[in-house]
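See below for the structure under consideration.
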Amino acid sequence: MNIHAIRAIYAFEMARTWRTLLQSIVAPVISTSLYFVVFGAAIGHRITEVDGISYGAFIVPGLIMLSLLTQSISNASFGIYFPKFSGTIYEILSAPVSYAEITLAYVGAAATKSIILAAIILATAGFFVPLQIDHPFWMLLFLVLTAVTFSLFGFIIGIWADGFEKLQLVPLLIVTPLTFLGGSFYSINMLPPFWQTVTLFNPVVYLISGFRWSFYGIADVNVFVSLGMTVFFLAVCLALVYWIFKSGYRLKN
């Protein structure tokens, strides 16, 4: 494995984050803080507690997961698409770097950015609501698995996209609605029985439920089911990336 190439691509992607600090870090943190203000203050007066947890604290895992999913996809998809768009991808393809090493570098950088952002949002949430983390190891596990999974998903979108419009198509029309309907701001136990069953077909429910359990020990779905589904999503994304490159796809427009 070409460690030097992986390190070089990874360092370049991370350096791009610090060059665009306002866009990469500050803007998502401000957006999430507005969610705390709007939902925590406005709705929090009407819904004081959910499963014994104050509403403001209850929505923290969902908001972190919302940012984690969207930023993981955005970072990875733009990271691999922009070299295709600008033509600099040929510099990478002419180097002795395999597709596996390219994937590892771009996905690793995207996941790292998302985890850093999630950590900042978590620290910011402490200024708005009292927080507790009952199972820190599980929290980190769900955080890392989710970041890697959706960074892989974003990498696939970046490979598929042939324009900037397609980069935003899946996150805006599919991932964000699924996250809002996946229990970010409510417990699915608050829904009628029919809609509880329908909601279980939403894959994001398992991610948010497991992540929330790591904070407060409460969950809409058994934590081991959530973990199993998260690992399953990761395996599917890895299989898709493997199939794309195995089928003879070339990283160029």
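Reminder that position 48 of the sequence shown reads as 48 in UniProt numbering, one-by-one numbering, no gaps. C-beta atoms are modelled at their ideal positions from N, C-alpha and C, and glycine is treated no differently.
DSSP three-state assignment for residue i, whether helix, strand or coil
| i | result |
| --- | --- |
| I102 | helix |
| V198 | helix |
| L191 | coil |
| I120 | helix |
| P171 | helix |
| M1 | coil |
| P28 | helix |
| A95 | coil |
| A219 | coil |
| L181 | coil |
Paired residues, beta bridge with residue i - DSSP
| i | result |
| --- | --- |
| E165 | Paired residue(s): none; E165 is not in a bridge. |
| E49 | S54 |
Closest by C-alpha distance to residue i, when choosing among the options
| i | options | result |
| --- | --- | --- |
| A105 | L227, F127 and S77 | S77 |
| G163 | G217, S86 and T197 | S86 |
| V221 | E13, T197 and L68 | T197 |
| L167 | F233, P61, T176 and G154 | G154 |
| S94 | D51, A5 and P192 | A5 |
| D51 | W243, F245, F215 and I157 | F215 |
| L240 | V37, L63, I156 and A119 | I156 |
| T32 | A123, T230 and Y242 | A123 |
| L207 | P193, V231 and L131 | V231 |
Span of the alpha helix (DSSP H), counted from its first residue to its last, around residue i
| i | result |
| --- | --- |
| G154 | P136 to W160 |
| G62 | V60 to S86 |
| Y186 | Y186 -> no alpha helix (DSSP H), and no H or E assigned at all. |
| residue 255 | As shown, the chain starts at 1 and ends at 253. That puts residue 255 outside it, with no answer to give. |
| A232 | This sequence places Phe at residue 232; Ala is not what is there. Here the alpha helix (DSSP H) through F232 covers V223 to K246. |
| F211 | P203 to Y216 |
| T20 | Where T20 is concerned, there is no enclosing alpha helix (DSSP H), given that its DSSP letter is neither H nor E. |
Residue i, buried or exposed, once every other Cβ within 10 Å from all chains shown has been counted against 16
| i | result |
| --- | --- |
| residue 255 | With the chain covering 1 to 253 only, the question about residue 255 has no answer from this structure. |
| residue 263 | Since the first residue shown for the chain is 1 and the last is 253, residue 263 is missing from the structure and cannot be characterised. |
| P28 | buried |
| F127 | exposed |
| I72 | The residue you asked about is not Ile; residue 72 is Ser in the sequence shown. S72 comes out buried. |
| G13 | Residue identity check: residue 13 is Glu in the sequence provided, not Gly. Burial call: buried. |
| P96 | exposed |
| R212 | buried |
| Y35 | buried |
| Y55 | buried |
| V205 | buried |
| I115 | buried |
| A15 | exposed |
Proximity test, residue i beta-carbon vs the ligand SAH heavy atom, cut-off 7 Å
| i | result |
| --- | --- |
| S151 | In the structure shown, the ligand SAH is absent, as is every other ligand, since no ligand is present at all. |
Neighbour flag for residue i against chain D, beta carbons, 8 Å
| i | result |
| --- | --- |
| P136 | Looking at the structure shown, chain D is missing, and only one protein chain is on hand. |
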